[in-house]
C-alpha cells in the first residue's frame, strides 16, 4: 500500500476499524450541536453514516485541514473487490426543527500546503484496476433514501454525538447584550430632534407671555421694581463710613455774626465740659460782641462764647454750657503722619453741615501764611501745615482732619484757590473759589499745646528767636536786621534744624513749630562764609 509523508496525518485512512469505500473524501470533525451529522456520499450518491461507537478524534487529526485526494489504487486483492453499498442512515425520531442560525457555522480554513502526493506502486497490477472518476459521468440510480437538503431542511442533532472538548466550537449568532427584541417600528433621530425643537419653542413662547404678563403686574396692576433688602448698617472701622460714623458726634457747625461780618465754620469737641477747638478767623467776627451759634450733628443748637484765641497760630477755643453727653474727639500724633497716608475731612462747606470728604496727606511741614488783611500785619498767621488733597472749602475751617484710625491729626485751616494767593477767610459764602486739591491743616501736636494754653490761661505763648527781620530782603533766606542771641545784623539764615529757609515768613513758621525753651540749630551765611549757630528759643505772649 502506498504511504503518505510521515509528518502529516493520513487523510485517507478510515476513522476506526470499520471499512469505508476508498472514494470517501476526508472531512474535519466539527461540533454536531451546531451543524448537521457527518454525512458523505460515494460516487454513486449513497449516504454514509459515521459509526456512533467511534472514539473521539484526536485534536491533531480534527484540526488538520485536508485537501481533496484522489483515491489510492492498490494491488491488494482484498481492496480491489467491489465495495458493498453502505447501509442507509439510521434515522432518529424527527425532533422539532432547530432554529437556523443567523450566520452559517464557520468551516475550518483549508491550509495553503497541498496534501502530499501519493507514491505510486510500481506493481503492474495497478494498471488493471480502473480509477474511478472524481465526477460521475452518468446519473446514478435514484436513491430510495436521498440526503436531505441542508439549505431547506433543518438538520436534526446527532443522537450518537459524544462530547469532544478539543473539537472547534461553532460561534453562536451575534446578538447585542440586553438589546431589545421588540418588533415595534423604530423612531428615527430626526423625528426626536424635530419633536424636541417644537417643544422648546412652545415652552419659550409660553414663558415669554407669562414673563411679560408678570412684568406688567397683571391686568391693571402697578409696577413693582426689585430692590435689595436693608442691611444692619455696619461698616469696617477703617473705612471712610466707619471713621465718619465715629467722628460726627464730635463735630459741630459754628455760625458767627458780628457788626461788620458773618461766616460759617466748623469746630471740634475737646472734652465733656463743652470746650470746642476752631480757627481764630472763624470766630473773629463774634469776638467783639457778636453772636456764636453752635449746632451739633444730632441737630441740637446752643450758644457759644470765646474762651481764648491766638492770631499767630490761627486757633481759638469756644465753650458751650448745658449740653450733656458730649463726646470728645480722640487726638492722634502728627509726628506719626507720613506722606501718602489716607485722611478724612469733615466740615460744613458753604454751610452744608456734616460733609465728609477723603484724600491723602500730600506733604508735611509746608510753610503757609494766612491773613494779612490788616495794614500792620497783625492778622497774619504762620502755619507749619500738613497738605492734603481732601476737598476743603470755605466752611471747613476749624474742622478735623482724621487718619485711618479716626484720630485727629490736623485742624483744617486754609486752602489755595485758583484765583487767590492765600487761604480762605471767614467772609460771606461764595466770596471765595472752591477747592482745587490744595488744603492745609495745623498739625495736632501744635494745636493741642495751643488749645491747652487757651483753655487754662486764655492766651498762648510763642517761641521766638528775639531778632527783627528785614522784610524787604528779596534774596534766598531770612536776613537779620538787629543783633540778638549771637546773631549780627546782615546775617542771612538759610536753614533751621537742617530744613531750608527761603524767606522771613518761613523762618517764623519753622520757629513756631517748636515750643518755648527748645534748642534750635541755625545755619547762616556771614561775610560770604557759612557757619552754624545753636540757641534756646524764648517765649512771647500772643495777642
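Residue numbers (this note's numbering): 1024 to 1566. For every residue, glycine included, the Cβ atom is placed at its ideal position computed from N, Cα and C.
Of all C-beta pairs linking the region 1494-1501 to the region 1457-1472, fewer than three are shorter than 8 Å, placing the two stretches out of contact. Less than 8 Å separates the beta-carbon of residue 1409 from that of residue 1424. Residue 1249 is classed as exposed because its beta carbon has fewer than 16 other beta carbons within 10 Å across all chains shown. When C-beta atoms of the region 1322-1338 are compared with those of the region 1360-1368, fewer than three pairs fall below 8 Å, so the two segments do not count as touching. Between the beta-carbon of residue 1532 and that of residue 1390 there is about 4 Å, and that keeps the pair under the 8 Å contact cut. As DSSP reads the structure, residue 1291 sits in a beta bridge with 1274 and 1300. By alpha-carbon distance to residue 1546, the top candidate from 1488, 1524 and 1421 is 1524. If you compare the alpha carbons of 1421, 1521, 1564 and 1387 with that of residue 1556, the shortest gap goes to 1521. Residue 1403 and residue 1254 have their C-alpha atoms spaced approximately 50 Å apart.
With 16 or more other Cβ atoms from the protein chains shown falling within 10 Å of its own Cβ, residue 1439 counts as buried. Distance between residue 1376 and residue 1328, taken at the CA atoms: about 20 Å.
Below 8 Å, enough C-beta pairs join the region 1268-1282 and the region 1307-1327 to call them touching: three or more. Its Cα nearest to that of residue 1552, the residue 1517 stands out among 1539, 1213, 1517 and 1353. With respect to the C-alpha of residue 1342, the residue from 1348, 1350, 1352 and 1330 having the closest C-alpha is 1330. Cβ-Cβ separation between residue 1290 and residue 1301: approximately 4 Å, consistent with a contact (criterion under 8 Å). In this structure, residue 1484 lies away from residue 1385, with their beta-carbon atoms at least 8 Å apart. DSSP places residue 1484 outside any alpha helix (DSSP H); the residue lies instead in the beta strand (DSSP E), whose first and last residues are 1484-1487.
Checking the DSSP bridge columns, you'll see residue 1546 partnered with 1518 and 1555.
The three-state secondary structure of residue 1494, taken from DSSP, is coil. Of the candidates 1507, 1304, 1541 and 1323, the residue whose Cα lies closest to the Cα of residue 1281 is 1304. Exposure of residue 1358 is indicated by the presence of fewer than 16 other C-beta atoms within 10 angstroms of its C-beta. Annotated three-state conformation of residue 1226 is helix, per DSSP. DSSP places residue 1467 in no beta strand (DSSP E) but in the uninterrupted alpha helix (DSSP H) bounded by 1467-1480.
In the DSSP assignment, residue 1561 forms a beta bridge with 1487. The beta carbon of residue 1536 is closer than 6 Å to those of 1407 in its chain, skipping five residues each way along the sequence. Nearest to residue 1476 by C-alpha distance, out of 1307, 1261, 1550 and 1298, is 1298. Measuring C-alpha to C-alpha distances from residue 1489 to each of 1539, 1222 and 1526 identifies 1539 as the nearest. Excluding the 5 residues flanking it on each side, residue 1350 has same chain C-beta neighbours closer than 7 Å at 1272, 1273 and 1292, in chain order. Residue environment for residue 1307: buried (at least 16 other C-beta atoms within 10 angstroms of its C-beta). Pairing residue 1260 with residue 1492, the inter-Cα distance amounts to about 49 Å. For the 8 Å CB-CB criterion, residue 1362 and residue 1345 do not form a contact. Ranked by how close their Cα comes to the Cα of residue 1510, the residues 1479, 1559, 1221 and 1437 have 1559 in first place. When 1467, 1460, 1543 and 1353 are compared, the shortest CA-CA separation from residue 1269 is found for 1353.
Beta-bridge pairing by DSSP links residue 1333 to 1338. Within the same chain, Cβ atoms closer than 6 Å to the Cβ of residue 1528 are found at 1392, the five residues on either side in sequence being excluded.
The Cβ-Cβ distance between residue 1429 and residue 1246 does not fall below 8 Å.
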